[in-house]
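Okay, structure first, notes after.
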Amino acid sequence: MSLVQNFIAFARGSPKRLAWFHNFQDQNDNADANGTSFRPFCPTRFIMRKISIISITSNYSSLIEWLQDLETNEDFVKCKAEAAGFLASFQRFDTSFKLEMLRQIFTTLEDANTQLQGAQLNFQRAEAVIEALKKVFIDARSEERFDVLWTSAEASAKFYDLDEPELPRQRRPPARRTGSAAAYFPSTPKEMYRKIYFAAYDGVIVGLSDRFEPSSTTTHLKKVEEFLIGKTGVEYLEEFYQNDFEDYQRLLLHRNIALDAAKTSEVVKLVKIVLTMAVTTCTAERSYSGLRRLKSYLRSTMTQKRLNAVALLNTHRDIVKTFELDVLLDNFIAKVHLRMRTFSMSNATNGKSNVKPIDS
Numbered sequence: 001m002s003l004v005q006n007f008i009a010f011a012r013g014s015p016k017r018l019a020w021f022h023n024f025q026d027q028n029d030n031a032d033a034n035g036t037s038f039r040p041f042c043p044t045r046f047i048m049r050k051i052s053i054i055s056i057t058s059n060y061s062s063l064i065e066w067l068q069d070l071e072t073n074e075d076f077v078k079c080k081a082e083a084a085g086f087l088a089s090f091q092r093f094d095t096s097f098k099l100e101m102l103r104q105i106f107t108t109l110e111d112a113n114t115q116l117q118g119a120q121l122n123f124q125r126a127e128a129v130i131e132a133l134k135k136v137f138i139d140a141r142s143e144e145r146f147d148v149l150w151t152s153a154e155a156s157a158k159f160y161d162l163d164e165p166e167l168p169r170q171r172r173p174p175a176r177r178t179g180s181a182a183a184y185f186p187s188t189p190k191e192m193y194r195k196i197y198f199a200a201y202d203g204v205i206v207g208l209s210d211r212f213e214p215s216s217t218t219t220h221l222k223k224v225e226e227f228l229i230g231k232t233g234v235e236y237l238e239e240f241y242q243n244d245f246e247d248y249q250r251l252l253l254h255r256n257i258a259l260d261a262a263k264t265s266e267v268v269k270l271v272k273i274v275l276t277m278a279v280t281t282c283t284a285e286r287s288y289s290g291l292r293r294l295k296s297y298l299r300s301t302m303t304q305k306r307l308n309a310v311a312l313l314n315t316h317r318d319i320v321k322t323f324e325l326d327v328l329l330d331n332f333i334a335k336v337h338l339r340m341r342t343f344s345m346s347n348a349t350n351g352k353s354n355v356k357p358i359d360s
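Position 195 of the sequence shown, counted from 1, bears residue number 195 in the numbering used here, the numbering being contiguous throughout.
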């Protein structure tokens, strides 16, 4: 991953180099030339890696030709050594194989991450997505899937004229780690990459299990759900929420009525409390990612009041898109007499506004 990050920073660090690469992209008939440019990693979310890796793999042929030309071009003397280093890395079979493996892993993770950050996400849906994600990776950890990836990597290596896969120089590990047992060395490159492939998927599966293992929160939500669908009584809720409800027997009665008829105030109140759990607060979490873009170095003097207003507009952009800009501008102009004398009103409010102007 560091190779991808460093190369994208190298390519995007100079507008002249980046424009030169786009020329190669347009002229190369063998590339998957779809106009995809190099995309940097998301600075706030580690999981957002798919688009950066695809920007490399989809331009592999143009990338190699560009680095070869960059290495010999006299106009870029200062970056020749860097270009030669990146070229040597991208011409290795090892790089091509691992990039394709990472693309498959992060594509699956990012698709699941998008669903887990949905505004209408509920606990049951989140749990189902996580279980489905684990099953996808468990199914991918198989000999058949590895053989498919290996065949694809060999075909890509032949197409891009990359180096042949080879075994590294054998090094005897320290005796304190292996003891008296004989050290294991793979006999073929395919066996070595098979070990890398299974180790990568094992790490993802173990990480998902550790991150989303059952907790007190999930246990609580399951018990609340059992109450809402009529499987249990009100004893657990009375012990957990204590004084949040005035009459738990009334809550039980309303629950029973709701199952037969419609929702009632007490049941709605319980559901609202449950929905404040962290699993449904992704909209608020995304505001931290937006904060990096909203309050930049050029906006360092922005006041807290304005920052809060801009952050709300960024978080709820779906609502903002429904606003009529002409009406907003008319109201803004109508607030101050000086603005009314300086700017003209649109026809959205027929030259009138309900806002009372001030003299300043």
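Note that beta-carbon positions come from the ideal geometry of N, C-alpha and C, so glycine has one too.
* Roughly how many angstroms lie between the CA atoms of Asn113 and Phe41, to the nearest whole one? -> 16 angstroms
* Taking Cβ to Cβ, would you say Trp150 is nearer than 9 angstroms to Phe106? -> no
* Would the stretch 83-99 and the stretch 122-129 be scored as touching if the rule is three or more Cβ pairs under 8 angstroms? -> no
* Could you have a look at Val234 and say whether DSSP puts it in helix, strand or coil? => coil
* Asked: Between the stretch 195-203 and the stretch 129-144, are three or more C-beta pairs nearer than 8 angstroms?
  -> Touching, per the Cβ criterion.
* Asked: Smallest Cα separation from Phe7: which of Lys231, Thr322, Ile53, Lys222?
  -> Ile53
* Asked: For Thr95, which residues of its own chain have a beta-carbon under 6 angstroms away from its beta-carbon, when the five flanking residues on both sides are left out?
  -> Ser89
* Shorter than 9 angstroms from the beta carbon of Arg292 to some beta carbon of chain C? -> The chain labelled as chain C is not found in the depicted structure, where only one protein chain is given.
* Asked: Any chance the stretch 174-188 sits against the stretch 231-244, with 3 or more Cβ pairs inside 8 angstroms?
  -> no
* To do: Could you check which residue in Leu328, Gly290, Leu63, Arg255 has the C-alpha nearest to that of Gln312?
  => The question names Gln, but residue 312 in the sequence shown is Leu. Closest by alpha carbon: Gly290.
* Buried or exposed: which applies to Ser2, given that a residue is buried once 16 or more other Cβ atoms fall within 10 Å of its Cβ? -> exposed
* To do: Apply the 10 Å Cβ neighbour rule to Leu237 and answer buried if 16 or more other Cβ atoms are within range, or exposed otherwise.
  => buried
* **DSSP state of Lys295 mapped onto helix, strand, coil** => Coil.
* Taking all protein chains shown into account, decide if Asp260 is buried (16 or more other Cβ within 10 angstroms of its Cβ) or exposed. => With fewer than 16 other Cβ atoms within 10 Å, it is exposed.
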